[in-house]
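Quick note on our numbering: the sequence shown kicks off at 29 and runs consecutively.
Okay, structure first, notes after.
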Amino acid sequence: MKKCIICGSDNLVEIKARFRPFLIHRMFAKSPTPTHIAYCQQCGFECASHRPSQEDMQRYYDNYLEEDYIQDRELIEPGYIERFNAESLVVQDNLLACRNALASFLLPYVQDSKLATILDYGGGGGEIIPLELHYAKCFVFDISNKEPVQNISKIQNEDELYTKSFDLIICSHMLEHVSYPMEFMKKFLTLMHKDSLLYIEVPYAEFGWREDSDGAKLIHEHINMFKKETFIEMGKVLGLKIIVCEIFSTSKRFGCPKSIRFLAKKVES
Numbered sequence: 029m030k031k032c033i034i035c036g037s038d039n040l041v042e043i044k045a046r047f048r049p050f051l052i053h054r055m056f057a058k059s060p061t062p063t064h065i066a067y068c069q070q071c072g073f074e075c076a077s078h079r080p081s082q083e084d085m086q087r088y089y090d091n092y093l094e095e096d097y098i099q100d101r102e103l104i105e106p107g108y109i110e111r112f113n114a115e116s117l118v119v120q121d122n123l124l125a126c127r128n129a130l131a132s133f134l135l136p137y138v139q140d141s142k143l144a145t146i147l148d149y150g151g152g153g154g155e156i157i158p159l160e161l162h163y164a165k166c167f168v169f170d171i172s173n174k175e176p177v178q179n180i181s182k183i184q185n186e187d188e189l190y191t192k193s194f195d196l197i198i199c200s201h202m203l204e205h206v207s208y209p210m211e212f213m214k215k216f217l218t219l220m221h222k223d224s225l226l227y228i229e230v231p232y233a234e235f236g237w238r239e240d241s242d243g244a245k246l247i248h249e250h251i252n253m254f255k256k257e258t259f260i261e262m263g264k265v266l267g268l269k270i271i272v273c274e275i276f277s278t279s280k281r282f283g284c285p286k287s288i289r290f291l292a293k294k295v296e297s
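So, in structure tokens, the structure goes:
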């Protein structure tokens with residue numbers, strides 16, 4: 029990797045790293061795949077230097093977090109099921125804490141504007157859309173086979189997605205998984221109109237990859253790590269008006285004690 033895939037800077041530092049065995053097993057079809065972490069000293073973005081292909085992503089996220097995936101991962105990472113059952117959003121208390129935190133944050137920014145349409149991009153069944161916003165037409169777009177929850181309509185494919193625009197787009201804990209985050213941010217812009225809001229939430233970089241005994245960082249499916257400066261740079265590049273960009277303490281969610289939340293408005297049509 030020669031340049032940062034967020035800001036384009038060539039001021040990159042290489043950090044010793046390797047993919048975790050389960051990622052090699054599932055994403056890369058058991059093929060040894062060398063990598064390191066590329067750290068951008070300009071915007072603070074960190075990522076695995078080897079960017080998974082679309083085929084790699086499809087292989088890994090097919091039936092993601094469904095029973096066969098969970099059992100397969102448990103074989104390679106003993107203890108995964110226990111952690112999943114304690115920390116994931118399948119636990120009702122975790123889901124409620126996550127949704128309530130999102131509601132507490134978002135509602136002051138949307139109470140003066142009656143939202144007509146909301147999209148949760150990558151949101152499973154749309155579970156975290158605050159109930160207080162269900163007066164709007166709420167949609168979810170997700171690659172999983174998960175059925176939408178009550179009052180949420182599932183968008184079936186990208187062709188259908190791009191026939192719509194939304195007053196609010198929510199994308200929570202997804203950009204850390206994708207190969208090219210800026211391309212997703214640009215995609216969101218095409219789904220927004222003037223004054224639409226975009227809410228992004230990702231794990232905070234300082235609580236990222238663990239180290240192996242030799243000092244190498246161990247990369248799991250979170251192939252990207254972000255800092256506030258990363259989102260400030262993205263907002264600037266995309267011409268968004270940043271309303272909030274902050275680090276905050278999160279509810280217990282897969283061992284992620286702090287996250288970054290980014291709320292911005294599209295100011296041009």
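All C-beta atoms, glycine included, are put in the ideal place defined by N, C-alpha and C.
Status (buried if at least 16 other CB within 10 Å, exposed otherwise) for residue i
i	result
LEU291	buried
ARG111	exposed
GLY107	exposed
THR278	buried
PRO62	exposed
HIS78	buried
LYS245	buried
SER147	Inspection of the sequence shows that residue 147 is occupied by Leu rather than by Ser. Buried, because 16 or more other Cβ atoms sit within 10 Å of the Cβ of LEU147.
GLY243	exposed
ASP240	exposed
Residue interval of the beta strand (DSSP E) (run including residue i)
i	result
THR278	Careful: THR278 lies outside any beta strand (DSSP E) and carries neither H nor E.
CYS199	194-200
LEU246	245-247
Selection from the options that minimises the alpha carbon distance to residue i
i	options	result
ILE228	THR63, MET202, TYR67, MET253	MET202
MET55	TYR89, TYR163, CYS35, PHE133	TYR89
GLY263	TRP237, ASP148, LEU217	LEU217
LYS293	LEU117, LEU266, CYS284	LEU266
LEU135	LEU40, LEU159, LEU147	LEU159
ASN252	PHE167, ALA57, HIS64	HIS64
GLU83	GLU239, GLU95, ALA57, ALA125	ALA57
ASN179	PHE73, CYS166, SER287	CYS166
Between the CA atoms of residue j and residue i - distance to the nearest angstrom
i	j	result
PHE254	SER297	28 angstroms
PRO21	VAL138	There is simply no residue 21 to check, as the chain begins at 29 and stops at 297 in what is shown.
GLU274	THR258	11 angstroms
ALA164	LEU189	17 angstroms
SER193	LYS44	42 angstroms
LEU219	ASP187	12 angstroms
LEU143	LEU161	8 angstroms
TYR67	ILE197	28 angstroms
PHE169	ILE157	12 angstroms
ASP121	ILE171	25 angstroms
GLN69	LYS215	26 angstroms
GLU42	SER207	18 angstroms
ILE271	LYS222	15 angstroms
ASN113	ILE98	10 angstroms
LYS182	ASP38	40 angstroms
PHE47	ILE247	5 angstroms
ARG87	GLY36	29 angstroms
GLU155	VAL118	10 angstroms
HIS205	CYS75	10 angstroms
LEU51	ASN91	15 angstroms
Secondary structure of residue i, DSSP reduced to three states
i	result
THR218	helix
TYR67	strand
SER207	coil
LEU291	strand
ALA144	coil
MET253	strand
TYR232	strand
CYS35	coil
LEU268	strand
LEU177	In the sequence as displayed, the identity of residue 177 is Val instead of Leu. VAL177 falls in the coil class under three-state DSSP.
LEU226	strand
ILE109	helix
ILE98	helix
CYS284	coil
GLU188	helix
ILE52	helix
GLU160	helix
Element boundaries [alpha helix (DSSP H), containing residue i]
i	result
LYS165	Unbroken run through LYS165 is the beta strand (DSSP E), 165-169; no alpha helix (DSSP H).
ARG79	Element bounds for ARG79: n/a, residue is neither H nor E.
VAL119	It is not in any alpha helix (DSSP H) - VAL119 carries neither H nor E in the DSSP assignment.
ARG46	Where ARG46 is concerned, there is no enclosing alpha helix (DSSP H), although the beta strand (DSSP E) it sits in stretches over 40-47.
CB contact check: residue i to chain C, cutoff 8 angstroms
i	result
GLU95	Although the question refers to chain C, the structure presented lacks it and comprises just one protein chain.
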